[in-house]
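So the protein sequences, as listed, match chains W and U.
Okay, so the first sequence: first residue is 1 according to my numbering, each after it adds one.
Okay, so the second sequence: first residue is 1 according to my numbering, each after it adds one.
Glycine included, every Cβ here is placed at the ideal spot set by N, Cα and C.
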Amino acid sequence: MEVTPMVLTLADVLPAAAEIFVAGAACLLLLIEAIFGSRARDVMFLLAIAALAGAAWITSTVAVSEPTVILYGHYVADPMGTVLKLFAYGAAAVTLLYSRDYLVRRELLRGEYLVLALFAVLGIQVIVSAGSLLSLYLGIEIMSLSLYAMVAFDREDGVAAEAAMKYFVLGAIASGALLYGISILYGVTGTILLDGIAASVGAGDADAIGLLFGLAFIVVGVAFKFGAVPFHMWLPDVYHGAQTPVTLFVGSAPKIASFALAMRVLAEGLGGAVDAWQDMLIVLAALSMIVGNVVAIAQTNIKRMLAYSTISHVGFILLGVLAGNAAGYRAAMFYTLTYVIMTTGAFGIVLWLSRKGFEADALDDYKGLSRRNPWFAFVMLLMMFGLAGVPPTVGFWAKLQVIAAVLNVDLTWLAALAVLMSVIGAYYYLRIVKLMYFDEPMDTSPVEAKIAVRIMLSVNGIAILAIGLYPGMLLRLCAQVLP
Amino acid sequence: MPVPAKILSWLIWLPIAAGVLVLLLGERRIALGRWVALAASLSTLVLCVPLWAGFDLTTHALQYGEKEPWIGALNAWYHLGIDGIALPLIVLTVFMTPLVIISAWTTIERRPAQYFAAFLVMEGLMIGVFSAADALLFYVFWEAMLIPMFLIIGIWGGTRRVYATIKFFLYTFLGSVLMLVALIWLYLDGGSYEIAAMHRLPLGMTEQVLIFLAFFAAFAVKVPMWPVHTWLPDAHVEAPTGGSVILAAIMLKMGGYGFLRFSLPIAPDASRELDWLIITLSLIAIAYIGFVALVQRDMKKLIAYSSIAHMGFVTLGAFVAYDIWQTTGSVSGAAMGLDGAMVQMVSHGLVSGALFLCVGVLYDRLHTRDISAYGGVVNTMPVFAFFAVLFAMANAGLPGTSGFVGEFLVIVAVFKANFWYAFVAALTLILGAAYTLWLVKRVIWGDVGNDGVASLKDLNVREFIVLATLALAVLFIGVWPAPLLDVMRPTISFLVEQLMVSKL
Numbered sequence: 001m002e003v004t005p006m007v008l009t010l011a012d013v014l015p016a017a018a019e020i021f022v023a024g025a026a027c028l029l030l031l032i033e034a035i036f037g038s039r040a041r042d043v044m045f046l047l048a049i050a051a052l053a054g055a056a057w058i059t060s061t062v063a064v065s066e067p068t069v070i071l072y073g074h075y076v077a078d079p080m081g082t083v084l085k086l087f088a089y090g091a092a093a094v095t096l097l098y099s100r101d102y103l104v105r106r107e108l109l110r111g112e113y114l115v116l117a118l119f120a121v122l123g124i125q126v127i128v129s130a131g132s133l134l135s136l137y138l139g140i141e142i143m144s145l146s147l148y149a150m151v152a153f154d155r156e157d158g159v160a161a162e163a164a165m166k167y168f169v170l171g172a173i174a175s176g177a178l179l180y181g182i183s184i185l186y187g188v189t190g191t192i193l194l195d196g197i198a199a200s201v202g203a204g205d206a207d208a209i210g211l212l213f214g215l216a217f218i219v220v221g222v223a224f225k226f227g228a229v230p231f232h233m234w235l236p237d238v239y240h241g242a243q244t245p246v247t248l249f250v251g252s253a254p255k256i257a258s259f260a261l262a263m264r265v266l267a268e269g270l271g272g273a274v275d276a277w278q279d280m281l282i283v284l285a286a287l288s289m290i291v292g293n294v295v296a297i298a299q300t301n302i303k304r305m306l307a308y309s310t311i312s313h314v315g316f317i318l319l320g321v322l323a324g325n326a327a328g329y330r331a332a333m334f335y336t337l338t339y340v341i342m343t344t345g346a347f348g349i350v351l352w353l354s355r356k357g358f359e360a361d362a363l364d365d366y367k368g369l370s371r372r373n374p375w376f377a378f379v380m381l382l383m384m385f386g387l388a389g390v391p392p393t394v395g396f397w398a399k400l401q402v403i404a405a406v407l408n409v410d411l412t413w414l415a416a417l418a419v420l421m422s423v424i425g426a427y428y429y430l431r432i433v434k435l436m437y438f439d440e441p442m443d444t445s446p447v448e449a450k451i452a453v454r455i456m457l458s459v460n461g462i463a464i465l466a467i468g469l470y471p472g473m474l475l476r477l478c479a480q481v482l483p
Numbered sequence: 001m002p003v004p005a006k007i008l009s010w011l012i013w014l015p016i017a018a019g020v021l022v023l024l025l026g027e028r029r030i031a032l033g034r035w036v037a038l039a040a041s042l043s044t045l046v047l048c049v050p051l052w053a054g055f056d057l058t059t060h061a062l063q064y065g066e067k068e069p070w071i072g073a074l075n076a077w078y079h080l081g082i083d084g085i086a087l088p089l090i091v092l093t094v095f096m097t098p099l100v101i102i103s104a105w106t107t108i109e110r111r112p113a114q115y116f117a118a119f120l121v122m123e124g125l126m127i128g129v130f131s132a133a134d135a136l137l138f139y140v141f142w143e144a145m146l147i148p149m150f151l152i153i154g155i156w157g158g159t160r161r162v163y164a165t166i167k168f169f170l171y172t173f174l175g176s177v178l179m180l181v182a183l184i185w186l187y188l189d190g191g192s193y194e195i196a197a198m199h200r201l202p203l204g205m206t207e208q209v210l211i212f213l214a215f216f217a218a219f220a221v222k223v224p225m226w227p228v229h230t231w232l233p234d235a236h237v238e239a240p241t242g243g244s245v246i247l248a249a250i251m252l253k254m255g256g257y258g259f260l261r262f263s264l265p266i267a268p269d270a271s272r273e274l275d276w277l278i279i280t281l282s283l284i285a286i287a288y289i290g291f292v293a294l295v296q297r298d299m300k301k302l303i304a305y306s307s308i309a310h311m312g313f314v315t316l317g318a319f320v321a322y323d324i325w326q327t328t329g330s331v332s333g334a335a336m337g338l339d340g341a342m343v344q345m346v347s348h349g350l351v352s353g354a355l356f357l358c359v360g361v362l363y364d365r366l367h368t369r370d371i372s373a374y375g376g377v378v379n380t381m382p383v384f385a386f387f388a389v390l391f392a393m394a395n396a397g398l399p400g401t402s403g404f405v406g407e408f409l410v411i412v413a414v415f416k417a418n419f420w421y422a423f424v425a426a427l428t429l430i431l432g433a434a435y436t437l438w439l440v441k442r443v444i445w446g447d448v449g450n451d452g453v454a455s456l457k458d459l460n461v462r463e464f465i466v467l468a469t470l471a472l473a474v475l476f477i478g479v480w481p482a483p484l485l486d487v488m489r490p491t492i493s494f495l496v497e498q499l500m501v502s503k504l
């Protein structure tokens, strides 16, 4: 084989400018932290937000209308990637904003936290734009290692350390499974590039048994990253054990990465083997919806409850993916994006309620919230009805889309199961509304928050209603960017 | 009379906007908020005058149509339009809402602004349900309505309100989501969410049966039909007066409306095959639930069970059409059953709403709904007693009241189909009279039962206005139902035509 000399021109790396920028910004923050320490805390926070804004600007500037492959096929820039990245920056920025007060009060707002967050965003960017299994794996590891460290960030907190340990060990096993699957796939198709794998699978060149074998491991890896049952064990413990800002972070932007991971590997790389992975995903989706919704009912801690709620939503997202056609992918993307908006808002409320030395994570802390602060109780009400999928909130359209997607491929029983599970799910969301609206407050002190947080939470809540009343734009966006 | 442009949109969004305004005014400016709520609800009532007057009585086509693009990607439209079965229910909605607001004027002490806002938002959403011509738009209004009702029962309800409201929400949600699956299936099959296009969509028998059952799950819970009625007594007993009134007067009608709008025209063959199911359940509701009503000790629970029995006439009248047609070949006979179902819906809306308001009047004074806590109310509240007896008579189906017209039409129609159906249905004339009159006897007549009753004060002006208005409406329809029947006639005739044409 003739070896071509590696020469990189500016045009070769320009589509990846945002990744380079974020990596540079993270390193810069690390330097600032090393030199100025905690004195520069507020500056660093603003810089981190500015870095995300800058990345958004760069991403939209270098956006391409047609898929563009650079770095010898390992990096692909396409419209879907652009949109997913922009949402990931937005989610990360809003997350940091919501977390700021909490972190300051617990003296956790240090440069390293922001650096880790930016590195996690970098990992998400790499996953989203991965053109080969190798860059995909690289992205997953960048993101995951940052997240492990974030979960363990508070050294004083034993529960968080335990959660981080579980997350790390189980994550490592999943990474191993994924890597094993990748190596088998490489073995049967002879290439590590996703378009090469797609061509090989499409032409029927690959050994069917080997392909299925590799596929099974890949699906395990994807399911773990998503938190789909039966690979969900880490999720409740991590959500529960981590500091709330970290839970919020883990629960928002990385979900976009999980969706991108599924899209890149299953839809683009292994689209030809859809019959093989569809059955696997059906099992994962059905189990996730059942276990997530049923177990959530028994929870008394809101973070744990939202963790199981996440598992059930993952089941719904998988419904869209497993349809294996454009309408299904569109539905899954719409679901993922709107889910991130809703879950960010819900955790935003949890953070807004917690004060120094007080975690607002027991369900009873929500009693009588509508008396203490009617507006934010209403915002939380919108989040809860949104997560339950009741119109006119955006959650309804997300569910409608994925149910239409599975009906479209004649999986009527799965659609029926999905709607029944959403009824069970409605129960525990209603319980939060019940606590906020029907019960008397145990603590009548008003809740304070910075004006920026209040505005952001309000925007977050109104977005759930506004997109719910007029979902056309976001739907069109998802339809445009997916091939 | 000139009809304002986009009148249906005004009817939907004016009360919702007013509700938001009342909410923004807050509890501290409730004095102003009350007037805003009343003004908004009366404005919708005024808007209904040109709506009714300008309605074309010669066509079954949708009128006052509005069609704007809504969600291009799903081919869903903001498409409104009403026909002869939607118009009476819309008028019923705008008629009841001001009464609810007036009746709650000063009796709600906790968070009154939110209370009024919830009812205004409800009003807009309910009008939206009746005027949506796009199935997805219909579904959004249908489900959105659950949120304010959930809050109304949960915040202002009685001691077991949390149980009742969660049960109410989950029950109706469960039925609705199955309907959603059917709607999506129809969309995937026909490519459109337009309800009229779904009517025209050819469907095989198996598809029709599945779709029929999915719709049945939604509408049977809403009506509610035996045996999925158990949420209703709980919800009614725990709900505040206004909640019970809207629940009984309007929300139950949505089940009946759904059968007429979706089940019958979309799945006519499945409806014909499965009409025995609906008829049986309706007869059980009429007879068995009538007996259940007899033994209630709580006034609201008694009226709730009576509602279930009366709604049995609606479903009976609607689905007996096939039997009539097959037995007698008479199309007008089939139409009579449907006419009866519609009149019964309007009449039951007025009568049950009025009865719940009567219970509210007593409850505001003595804070109990136990029948045994009353007795001899006529001695201290003669004006109230007059109205209560009038509405009780209407509930029992006394000629001259609206209750008679609906039940009579249905029983006569059913007679043409099958004697034994009519026999069971006619039991209601005895049972309805029994439980209603016995209630009147125990609460109103007799000697003053206790000190509480002795201290009762008669109706104030506000309560008098509310009950007198309802009394006039009940008597008007009872004596002269022709305007109501004229409005419905072309639509019902067209519906019968749709039923008679097989889709197979």
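DSSP links T95 (chain W) through a beta bridge to no other residue.
Boundaries of the alpha helix (DSSP H) harbouring I58 (chain W): 41-61, taken from the DSSP string. Chain-order list of chain W residues neighbouring L180 (chain U): L400, I403, V419, by C-beta distance under 8 Å. Taking C-beta atoms as the reference points, T59 (chain W) and T82 (chain W) count as a pair closer than 8 Å. In the three-state reduction of the DSSP assignment, H232 (chain W) falls in the coil class. A straight line joining the alpha-carbon of A133 (chain U) with that of A262 (chain W) spans about 38 Å.
In this structure, the alpha-carbon of F224 (chain W) lies about 58 Å from that of V343 (chain U). Just measuring C-alpha positions, the residue of U:F173, U:G19, U:R489, U:Y187 sitting nearest T59 (chain U) is U:R489. For H79 (chain U), the enclosing beta strand (DSSP E) has its first and last residue at 76-82. Under a criterion of Cβ atoms nearer than 8 Å, the residues of chain U adjacent to V390 (chain W) are, in order, E143, A144, L146, I147, F173.
Contacts with chain W at 8 Å (Cβ-Cβ) include L170 (chain U). Runs of the alpha helix (DSSP H) lying entirely within the region 317-398 of chain W, each at least 4 residues long, are 326-353, 369-372, 374-388 in chain order.
Look at L193 (chain W) here: in three-state DSSP terms it is strand. Taking the Cα positions, W413 (chain W) is about 17 Å away from I317 (chain W). When 9 Å is used as the limit between beta carbons, L151 (chain U) is near these residues of chain W: L381, V433, Y437, F438, in chain order. Annotated three-state conformation of S132 (chain W) is strand, per DSSP. The DSSP-derived three-state label of T206 (chain U) is helix.
U:F150 is the residue among U:P69, U:G255, U:F150, U:G333 whose C-alpha sits nearest the C-alpha of V433 (chain W). The beta carbon of I324 (chain U) does not come within 8 Å of any beta carbon belonging to chain W, so the residue lies off that interface. Under the Cβ distance rule, W13 (chain U) does not count among the residues neighbouring chain W, no pair being separated by less than 8 Å. Under the Cβ criterion of 8 Å, G154 (chain U) is counted among the residues facing chain W. For N408 (chain W), the closest alpha carbon among the candidates W:L215, W:I349, W:G328 is that of W:G328. Look at E66 (chain W) here: in three-state DSSP terms it is coil, with no helix or strand label. Proximity of chain U to V423 (chain W) at the Cβ level (cut-off 7 Å) is accounted for by L170, F173, L174, V177, in chain order. Not one beta carbon of chain U lies nearer than 8 Å to the beta carbon of N325 (chain W).
The secondary-structure analysis by DSSP pairs A77 (chain W) across a beta bridge with W:T68. Per DSSP, the unbroken alpha helix (DSSP H) holding Y427 (chain W) starts and ends at 412-438. With a 10 Å radius around the Cβ and a threshold of 16 neighbouring Cβ atoms, N293 (chain W) comes out buried. C-alpha of I101 (chain U) to C-alpha of M126 (chain U): approximately 16 Å in a straight line. Listed in chain order, the non-local C-beta contacts of G128 (chain U) below 6 Å within the same chain comprise I12, F141, local neighbours out to five positions each way being set aside. DSSP places A242 (chain W) outside both helix and strand once states are collapsed to three, so it counts as coil.
Comparing alpha carbon positions, the residue from W:D364, W:L215, W:G241, W:W234 closest to M280 (chain W) is W:L215. Take V265 (chain W), set aside five residues on each side of it, and the residues of its chain with a beta-carbon closer than 8 Å to its own are L133, L136, L194, I218, V222, in chain order. Per DSSP, reduced to three states, the secondary structure at Y470 (chain W) is coil, with no helix or strand assignment.
If you look at P490 (chain U), you'll find it in the alpha helix (DSSP H) that goes 482-500. An exposed status is given to W375 (chain W), since fewer than 16 other beta-carbon atoms sit within 10 Å of its beta-carbon.
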